[in-house]
Structure formats: structure tokens, C-alpha cells
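In order, the protein sequences belong to chains W and H. Here numbering that gives the first Met the number 0 is used: position 2 in the first sequence is 1, and no number is missing along the way. Here numbering that gives the first Met the number 0 is used: position 60 in the second sequence is 59, and no number is missing along the way. Quick reminder that beta carbons are idealized off the backbone N, C-alpha and C, glycines included.
Number of protein chains: 2
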Amino acid sequence: MIRDTPIVNVENLTGEAAAHRASDYDILPLFLNRWSPRSMTGETIEDDALFALFEAARWAPSSFNAQLWRFIIARRQNKEEFDRFVGLLVPGNAVWANRAAVLVVVTSRKLFERNDKPSVTHAFDAGAAWENLALEAARRGLVTHGMEGFDYERARRELGVPDDFDVHAMIAIGKRAPKEQLPEKYQAMEQPNARRPLREIVFEGGFGRTVAGLP
Amino acid sequence: MIRDTPIVNVENLTGEAAAHRASDYDILPLFLNRWSPRSMTGETIEDDALFALFEAARWAPSSFNAQLWRFIIARRQNKEEFDRFVGLLVPGNAVWANRAAVLVVVTSRKLFERNDKPSVTHAFDAGAAWENLALEAARRGLVTHGMEGFDYERARRELGVPDDFDVHAMIAIGKRAPKEQLPEKYQAMEQPNARRPLREIVFEGGFGRTVAGLP
């Protein structure tokens, strides 16, 4: 199995993550190393690396292990398919995501397959799978960038997504390029972003009840 | 900072993951090591370990970095709060989750905070945060188990979740115990589960179009 990128980003914080992010508690550095660059080279990604990302997604947890997530990909080397996916994006995404190696539309079935009853967690579970994909990519030094800036209805229609599936997001996957090749307005954003403090997202005993001492 | 559990599960497959799971592509072993045991000791988890799980969640990606996820926790040492959370669960979950150290209700805001417009990805993004939490726990040898078997409406009412938030799931977090202390019917399920093949979840160019050569 060939790795087209070195695997160095799991246990050691990358320089750019360290420059922009600090965690209050000890966590796997990979979580901080993963961010969402826009600058990509336009090079293809070898199959073994590409499908490893979906392999990671595959092992995410889901309610009743239903795995209702489905990913539709277009690879840049298939110009017709790739251009159709780029055409779904808003201009502000298309302008940089057209240099991705792969574009992905993430969907999930709204009903369990075993009984056609509604799944309350299908979107939530699909998000867990997406995060595995993003982390495995970060491990390999590859870019992933999730997007909601695209035409959801046209994606459904043009890609034949059945009515019993929801469309959640698109993902650009690619090899990292220097930020200087981005349109100027995106260059300043080409760095890891921050997060709100922990005390704003963790409550205890009831909604809005802050936890004493949380940073 | 004190770690109450050894951190050994990232780069090396655990014995039980190896016994039940195989990946077709090279991925970080942590993805395979994470699974959803039910048997927990009932011991508390030290704050530094507990909040590290939410620290990991905090760094997940979200649309416009909106971070709409909110976690409501109840710790076992606070018996009144913990029992109220256990009381939300269906009996089949309560019977084992009552030995968790912490129970969590996961919610997210349906509207962006900056403009009150609907977020199409808030549930999807919350799922990404949940997976970070689960992976950091697996890294530490701690149990996490996501559940949809609980009373969503009562959770909302009793915990004061505002109308503009969705409730997604509950999570049991705890220290691992031998399976023999579970009720007998759960003992056979106390092992890592499998996944559907990659070819069933990855399509190319359009929904349902399988990728040649995928396992």
C-alpha cells in the first residue's frame, strides 16, 4: 500500500496549528492539526489514500449501527463529472474548490433500512463519519474543507439523490498548496481558526447552567 | 495535568479491535479501537479527563465555524441530576447506563447566532463534535456509548432546552468494566461490531453508481 503523503500529524502539533490554536486540556494533537484550508494544487490523490478517508468514515458510530451515510464523489481526472460538481458550488467556493482532487456530496437516508422508520440521528451520524474522514485526511497532510455553499436542490436532482435521503454538505479534498495561489481575499483566511470557550458549550444539570471553573 | 487512564490506543490496534475488525485501507488504528461498550464500573472520571473529551469536541469543524453544539452533562456523584438523566432513558439503556460516570444530552441550535437564519448543517456538525469526543475517550481507554433510546421530548422539557435547539442523542461516558457485570442479554453484544463494505457507501458521479474495484 502506497502512502502518497507522510503520516506525521497525529501525535505532534503542526507548526501552523501551534501558532493559532491552544487547547485547555490534553487532547490528541490531530484534533488541532485538522483545519480547513482552501488552497489546493489540483493534483490527483492516489486511490489508496483517497479510499482510506472513506474507510475511516466507515468506522464511525451510528444509531443501531445503521450507517445511513452515503458519499458521492467526483474526481478531477474525470473532467465532466468534476465540472458538474464544481457547478453546484456558489462562486465563492467554486473559485478555490476547482483545484480540489475530489469533490464529495454527503447524504444520508432519513429512514432505517430494516423497517423504514425515521432515524432521528441520520444527519448527526453522517457528521461523525465526516469527522473521521477529515481526521484521516489531516493525518495524511491532505486538505478537507466542508461546504454548505452549494445548491442543495440541484445537487439532489443532478446526482439522482432519492427523496428518502437528505443532502448535508459538500467536501473538497485535495493536496495542499501555498496560500499565495488563492485569490487575494482568501489568503488572509488561510489559517487555522479558533473556537469559543468550553464554558459556552458544556452545561451541567440543565441547559445554560455553566460548570464552575471551566475555562 | 493528571491522566486517569493510560493513553495507548491511538497508533496501535487494541486486541479486541483486532479480533473483530479489519480495515481494507490503512487508517489510524484509533478509528477501529473506538467502539461502544456498555459495561462500566460506576466510578467517577477526573475532571481533567472528562473535560478533555469536550475539548476534543470543541475543535470539530462546523459551517461558518458556528459551533452550534451544546452539551448538557450529569455526573454520577451528583445523584439527583444523574438519576434524572437516567430516568430519560428507555429501560434497555437505563439498565446499563446507570453505571456511567457521566450522561450527556447533545443539542444544537437550529439557527445561526449571528443572523438567526436556519443552519442546514447544525446536526451534521454536532455529529462531528460527538465523534471527536468519542475518539478522545477511546484514546484514553474510556467508554462512550451514543444512544437514541430516550424520551426526547421529556429531555427537552426537563432540561430546559430552548425551542430553537434540537436534541440529537444521549451519550454514556464511563470507565470500562468486565462484560460479566452486565445483564446476561447484553454480554454477547459486548464486542466491537462490523461495518458494511465500502462499495455500499461510496458512489461516483451520481447516487448509486458504484466505484469499480472498491472492496
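For D82(W), does the three-state DSSP call read helix, strand or coil? As a first step, residue 82(W) is located in the first sequence; it is residue number 83 there, counting from the start. In the structure shown, the three-state DSSP call for D82(W) is helix.
Report the residue ranges of all alpha helix (DSSP H) runs contained in full by the segment 99-148 of chain H; include only those spanning at least 4 residues, in chain order. 121-138
Strictly by DSSP, which residues pair up with E203(W)? For the purposes of this step, residue 203(W) is taken as residue 204 along the first sequence, with counting starting at 1. I72(H).
Under a three-way DSSP split, which group does D165(W) fall into? The residue given as residue 165(W) occupies position 166 in the first sequence. Reduced to three states, the DSSP call for D165(W) is strand.
Determine the burial state of G91(H): buried for a count of at least 16 other Cβ atoms within 10 Å of its Cβ, exposed for fewer. For this step, residue 91(H) is matched to residue 92 along the second sequence. Counting Cβ neighbours within 10 Å, G91(H) comes out exposed, since fewer than 16 surround it.
Beta carbon of W34(H) nearer than 7 Å to that of P191(H): Here residue 34(H) corresponds to residue number 35 of the second sequence, with the count starting at 1. Here residue 191(H) corresponds to residue number 192 of the second sequence, with the count starting at 1. In this structure, W34(H) sits near P191(H), with a CB-CB distance shorter than 7 Å.
Go to G14(H), then tell me how far its alpha helix (DSSP H) extends in each direction, as first and last residue. The residue you call residue 14(H) lines up with position 15 of the second sequence. Looking at the DSSP string, the run of the alpha helix (DSSP H) that includes G14(H) is 14-19.
Where T120(H) meets chain W, residues with beta-carbon distance less than 9 Å: The residue labelled residue 120(H) in the question sits at position 121 within the second sequence. The contact set of T120(H) on chain W, defined by CB atoms closer than 9 Å, consists of A122, G126, G145, E147, H167, A168 in chain order.
For R138(W), I'd like the list of residues in its chain whose CB is within less than 7 Å of its CB, leaving aside the five on either flank, ordered along the chain. To locate residue 138(W), count along the first sequence from 1; it is residue 139. Result list for R138(W): I6, N8, V9, L29, in chain order.
Taking the alpha-carbon positions, what's the R74(W) to L141(H) distance? Here the question's residue 74(W) lines up with position 75 in the first sequence. Here the question's residue 141(H) lines up with position 142 in the second sequence. Rounded to whole angstroms, R74(W) to L141(H) spans 38 Å at the Cα level.
For chain W, is any of its Cβ atoms less than 7 Å away from the one on L158(H)? The count along the second sequence starts at 1 and reaches residue 158(H) at position 159. So, interface residue.
Can the beta-carbon of L110(H) be found closer than 7 Å to that of D165(H)? Mapped onto the second sequence, residue 110(H) falls at position 111. Mapped onto the second sequence, residue 165(H) falls at position 166. No, the pair does not count as a contact, with Cβ atoms beyond the cut-off.
Please compile the residues from chain W whose C-beta is within a distance smaller than 7 Å of the C-beta of R153(H). Within the second sequence, residue 153(H) is the residue found at index 154, counting from 1. The contacting residues do not exist; R153(H) stays about 13 Å from chain W at best.
Do the segment 48-65 of chain H and the segment 194-211 of chain W make contact, defined as three or more Cβ pairs closer than 8 Å? yes
Near-chain H residues of the segment 175-199 of chain W (beta-carbon distance less than 9 Å), N- to C-terminal order: N192, A193, R194, R195, P196, L197, E199
Which stretch, first to last residue, makes up the alpha helix (DSSP H) that contains A51(W)? On the first sequence, position 52 is the one that residue 51(W) refers to. Per DSSP, A51(W) belongs to the alpha helix (DSSP H) from 46-57.
How would you write the range of the alpha helix (DSSP H) that R155(H) sits in, first residue to last? On the second sequence, position 156 is the one that residue 155(H) refers to. 151-158 is the extent of the alpha helix (DSSP H) around R155(H).
Residues of the segment 32-54 of chain W whose Cβ lies closer than 7 Å to any Cβ of chain H, in chain order: S35, D47, F50, A51, F53, E54
Can you grab the Cα-Cα spacing for the pair N97(W) / G41(W), in whole Å? In the first sequence, counting from the first residue as 1, residue 97(W) sits at position 98. In the first sequence, counting from the first residue as 1, residue 41(W) sits at position 42. Cα-Cα distance, rounded: 8 Å.
Is it true that the segment 170-179 of chain W meets the segment 127-137 of chain H, where meeting means three or more beta-carbon pairs spaced less than 8 Å apart? Taking a contact to require three or more Cβ pairs closer than 8 Å, the segment 170-179 of chain W and the segment 127-137 of chain H do not qualify as touching.
Rounded to whole angstroms, what's the CA-CA distance from Y151(W) to L87(W)? Just pull it up for me. Here the question's residue 151(W) lines up with position 152 in the first sequence. Here the question's residue 87(W) lines up with position 88 in the first sequence. If I take the Cα positions, the gap works out to 8 Å.
Buried or exposed: where does R108(W) fall if 16 or more other Cβ atoms within 10 Å of its Cβ makes it buried? As a position in the first sequence, residue 108(W) is number 109, starting the count at 1. By the neighbour-count rule (16 or more Cβ atoms within 10 Å), R108(W) is buried.
Please list, in chain order, all residues of the same chain as W68(H) whose beta carbon is under 6 Å from its beta carbon, the five residues on each side excluded. For this step, residue 68(H) is matched to residue 69 along the second sequence. Taking C-beta separations shorter than 6 Å and ignoring five residues to either side along the sequence, the partners of W68(H) in its chain run S107, A125, A128, following chain order.
Out of L181(W), D46(W), A51(W), V201(W), state which residue places its alpha-carbon closest to the alpha-carbon of L49(H). The residue you call residue 49(H) lines up with position 50 of the second sequence. Per the Cα distances, V201(W).
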